[in-house]
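Step one of this worksheet: look at the structure below.
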Amino acid sequence: MYSPRKKCQILFNISILQLLGIFFFAKGFFPYKTSLSGLSTVNELPPLPNGEKTPLEPKFDRLVFMLIDALRSDFVFGKNSGMEFVQSLVAERRAIPYTAIATAPTVTLPRIKALTTGTVPNFLDAILNIAESDTSSSLADQDNWLVQLKNVNNKSISFFGDDTWIKLFPGLFHETDGTTSFFATDTVEVDLNVTRNVIPQLSKPGWDVLIFHYLGLDHVGHSTGPYSNLMVPKQREMDEVVKIIYEIILEQDKKRIREDPNVKPTLFVLCGDHGMNEAGNHGGSSIGEISTVRLPYVFYLSVLMVYRIFGKVCFQFLVAQQNWLKTLKW
Ligand SMILES: [Zn+2]
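Numbered per the working numbering, the sequence shown spans residues 321 to 650.
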């Protein structure tokens, strides 16, 4: 038998070991990420393969960025997809399809960070994702394409949809109409609130960048799963929005280029932030949430220009989700 004094010492040692264990677990699971403040400039770009260091000319003047929450790749490319217009654009080689692999945590806030900064977010962001009042995860001080477009290229950016973006980029948007993502049973109004802005915003003269983040498809998944009766009609609704945007910017680009041959066309990016599993939920790293079979995906549609550049390309590229940023820069 141990003496009381010895017992105390053993207990003390065990507690110290437990505290150390918790410390090392927390250090590994929630690593402190140092991010460089300030914006990078063209002078910091590495030289081209031929040794030249000339700044790259932008290939597009305007951008429409449409994000459909939880858009798994089979929702678009699958046989039972309701997105027939998007499929026709791919078949006619007017769009380049990519399948992007998202890393866990597959929830919206870290995925938006990945899509806008090109970095891999950590698990702490998964917790901040559900903290409605959190403002500490702002990207105001981090380099990202929105700040670059606004501050360096003097573009005006307007945002409509999931208000996570408004918290991440306080004061950055010219116009906003945010919707909260926490009424997961609302699969209708949450999207109508975005769609009502589409035609008015596209019809305004002089817009530069429009971002639309649709939540309804994610909410359909959470409420009734990926194979529910609501899923294909929701995909059709999203397909119709893509068609409206595509046709408007196509007409506008034709007119703009007729009036001034030096203007550049519009880039239309359609993407998802993560996928969903067979129960319609997400957050982890199961096949449906991240993998190459049913995928969160990034899909680029570009009016006029992409067809010219990539006329021969019409198959799916597999990319890491955060790498799309480099493609946008080109
Ligand atoms: Zn969700």
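The C-beta atom is built at its ideal place from N, Cα and C for all residues, glycine as well.
Residues lining ligand 1 by the Cβ criterion, that is a Cβ closer than 6 Å to any of its heavy atoms, are Ala390, Asp538, His542, His602 in chain order. Taking the Cβ atoms as the reference, Phe493 lies roughly 14 Å from Val514, outside the contact range of under 8 Å. A contact between stretches requires three or more CB pairs, one per stretch, nearer than 8 Å, and the region 427-442 fails this requirement with the region 396-412. Going by beta carbons, Lys379 and Lys574 fall outside the 8 Å limit. At a Cβ-Cβ threshold of 8 Å, Cys591 and Leu429 do not count as neighbours.
Contiguous beta strand (DSSP E) elements confined to the region 475-560 occur at 477-482, 496-499, 529-534, taking only those with 3 or more residues. With contacts defined as CB atoms closer than 8 Å, Gln521 and Ser478 qualify as a contacting pair. The C-beta distance from Leu550 to Thr507 rounds to 6 Å, short enough to meet the 8 Å contact threshold. At least 8 Å separates the beta-carbon of Phe532 from that of Val510. Between the alpha carbons of Leu537 and Leu368 lies a gap of roughly 41 Å. Measuring C-alpha to C-alpha distances from Ser408 to each of Ile421, Tyr566, His539, Gly541 identifies Tyr566 as the nearest. About 18 Å separates the beta carbons of Glu609 and Thr484, which is beyond the 8 Å limit, so they are not a contact pair. If you draw a straight line from the Cα of Thr423 to the Cα of Arg325, it comes to about 50 Å.
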